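> Next up is a structure, given as structure tokens.
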Amino acid sequence: MIDCPNCGTSNPPDSNFCANCGAELSAARAAAPPMARPVAPADLPAFDPEWRMSDPGPLPEPRRRRTWVWVLLGIVGACLLVCIALFIWTATDSGQATLEDWSTRLAEEQERAE
Ligand SMILES: [Zn+2]
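Structure below.
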């Protein structure tokens with residue numbers, strides 16, 4: 285039963301307005317003790333610990349594996365890029381040209397020093 289906050293008349297629990305004065309009963313229903321709540325407090329502790337204990341366990345492992353995989357991939361990729369760049373730089377004509385240019389500059393500087 286819901287007591288009307290306006291006139292005090294007892295109304296049925298499922299009524300939205302007072303049968304005597306027509307005042308809205310939603311405020312009185314919210315302030316009333318929660319006897320008709322669908323979720324019983326006893327059901328929550330049985331479900332909550334299982335969910336909390338099972339949830340954090342399996343989650344961090346895939347994240348760590350994924351980060352390690354990405355770190356390893358980055359290191360391997362960087363090494364491959366450096367090796368490929370060095371191979372291309374030494375194998376191509378431009379690399380040899382820069383090497384010859386560097387050696388000729390060194391020789392010219394030695395000739396000037398002498
Ligand atoms: Zn009333």
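Residues in the sequence shown are numbered consecutively from 285, following our numbering. Note that beta-carbon positions come from the ideal geometry of N, C-alpha and C, so glycine has one too. Keep in mind the model is a prediction, meaning the values are calculated, not measured.
Where does Ser294 sit, in a helix, a strand or coil, going by DSSP?
Three-state result, Ser294: strand.
> Closer than 8 Å: is that where the CB of Asn304 sits relative to any heavy atom of ligand 1?
Asn304 Cβ: within cutoff of ligand 1.
> List the DSSP bridge partners of Glu308.
DSSP, once it has assigned bridges, lists Phe301 as partnering Glu308.
> Does the beta carbon of Asn300 fall short of 8 Å from some heavy atom of ligand 1?
Not under cutoff, so the answer is no.
> Work out the CA separation of Arg350 and Cys363 for me, nearest whole Å.
For Cys363 and Arg350, the distance between alpha carbons rounds to 20 Å.
> With a threshold of 16 other CB atoms inside 10 Å of the CB of Cys232, please say whether the residue is buried or exposed.
Residue 232 lies beyond the range of the chain shown here (285 to 398); nothing can be said about it.
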